[in-house]
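> My questions all concern the structure below.
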Amino acid sequence: MSLMRYLCGETWMPNEVQLMHERPRDVAPYRRLLGARVRFGAVRTALLFAARWLDHRIASGDPTMRRILESRITELEAGNRAELPARLRGLVRAVLLSGESPSEAVARRLSISQRTLHRRLRAHGVSFEQLLDRLRFDLAQQLLQHSAVSMTDIAVALNYANTSAFTRAFHRWSGSTPSTWRRQCGPAVR
1 MSLMRYLCGE TWMPNEVQLM HERPRDVAPY RRLLGARVRF GAVRTALLFA
51 ARWLDHRIAS GDPTMRRILE SRITELEAGN RAELPARLRG LVRAVLLSGE
101 SPSEAVARRL SISQRTLHRR LRAHGVSFEQ LLDRLRFDLA QQLLQHSAVS
151 MTDIAVALNY ANTSAFTRAF HRWSGSTPST WRRQCGPAVR
């Protein structure tokens with residue numbers, strides 16, 4: 001907060017401060033110190049403030065440095081857009097294995113709406129469902145090939161309502177049932 005006050009002036013004030021740790025019994029010291037609404041148990045630590053502050057001219061700003069930094073930001077954003085589906089795979093995998101609703105949880109962790117998430121993926125020529133489907137198939141193959149986990153447990157791990165829904169999806173992906181695939185491609189039974 002002191003950096004923001006240095007850049008924007010002493011009148012700068014956040015609308016809300018989000019903290020990841022649990023709510024303490026007494027929140028009054030936080031409110032006094034921070035001078036804003038405080039939310040505990042947030043996904044990330046953050047300062048929320050009015051968008052008008054983004055246009056605030058910084059008195060000590062260096063125009064040359066600004067051009068250099070803006071150019072670098074543009075490069076980084078272009079790289080991030082190009083890598084989005086690949087970067088999302090790890091996040092989707094973690095969310096999927098946690099049992100949360102994948103699309104909702106991924107959007108929440110990225111601090112964007114589900115609609116924005118789906119729109120950005122469409123810009124890369126892939127839907128969230130395709131990404132999720134591909135990841136589920138990869139995970140199913142790993143679980144079938146390298147473990148003795150039951151079909152029911154695999155279905156649950158991959159966030160399917162039941163074993164038959166998992167079996168139908170696996171058949172759609174591979175052309176065979178999970179049990180047949182495991183017999184043909186899984187570990188040798190001793």
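Under our numbering, the sequence shown has 156 at position 156, and the numbering climbs by one with no breaks. Every residue, glycine too, gets a C-beta built ideally from N, C-alpha and C.
1) Excluding five sequence neighbours on each side, which residues of the same chain lie with their C-beta closer than 7 Å to the C-beta of R108?
2) Cα separation between R31 and A50?
3) If you drop the 5 nearest sequence neighbours on each side, which residues of the same chain put their C-beta closer than 7 Å to that of T45?
4) Could you spell out where the alpha helix (DSSP H) holding R39 opens and where it closes?
5) Can you round the beta-carbon distance between L132 and P102 to whole angstroms, since I take them to be within the 8 Å contact cut?
6) Measure the C-alpha to C-alpha separation of V189 and L121 and round it to an integer number of angstroms.
7) Going by alpha carbons, who is nearest to S113 out of R25, F128, R67?
8) Just tell me which of S98, L158, V27, M151 has its CA closest to the CA of W181.
9) Among residues of its own chain, excluding the 5 on either side of T116, which ones have a beta-carbon nearer than 8 Å to its beta-carbon?
10) In terms of alpha-carbon separation, which member of V95, E22, L34, S60 lies closest to Y6?
11) Which full runs of the alpha helix (DSSP H) of 4+ residues lie inside the stretch 92–165, going along the chain?
12) Report the CB separation of M1 from L69 in whole angstroms; it is logged as a contact under 8 Å.
13) Flag this pair as yes or no: are the beta carbons of R25 and F40 separated by less than 7 Å?
14) For R67, is the classification buried or exposed, using 16 other Cβ atoms within 10 angstroms of its Cβ as the cut-off for buried?
15) From the DSSP output, in three-state form, read off A169 for me.
According to the data block:
1) V43
2) Each residue's alpha carbon lies about 18 Å from the other.
3) Excluding its 5 nearest sequence neighbours in each direction, T45 has C-beta neighbours in its own chain below 7 Å: Q18, L19, M20, listed in chain order.
4) Not the alpha helix (DSSP H): R39 falls in the beta strand (DSSP E), residues 37–40.
5) Correct: roughly 6 Å between the Cβ atoms.
6) Confidence at V189 is low in this model, with a pLDDT of 48, below 50, so its placement is unreliable and the value that follows should be read with caution. If I take the Cα positions, the gap works out to 41 Å.
7) F128
8) A check of alpha carbon separations from W181 across S98, L158, V27, M151 identifies M151 as the nearest.
9) A107
10) With respect to the C-alpha of Y6, the residue from V95, E22, L34, S60 having the closest C-alpha is S60.
11) 102–110, 114–123, 128–146, 151–157
12) At roughly 22 Å, the Cβ-Cβ gap does not stay under 8 Å, so M1 and L69 are not in contact.
13) no
14) exposed
15) helix
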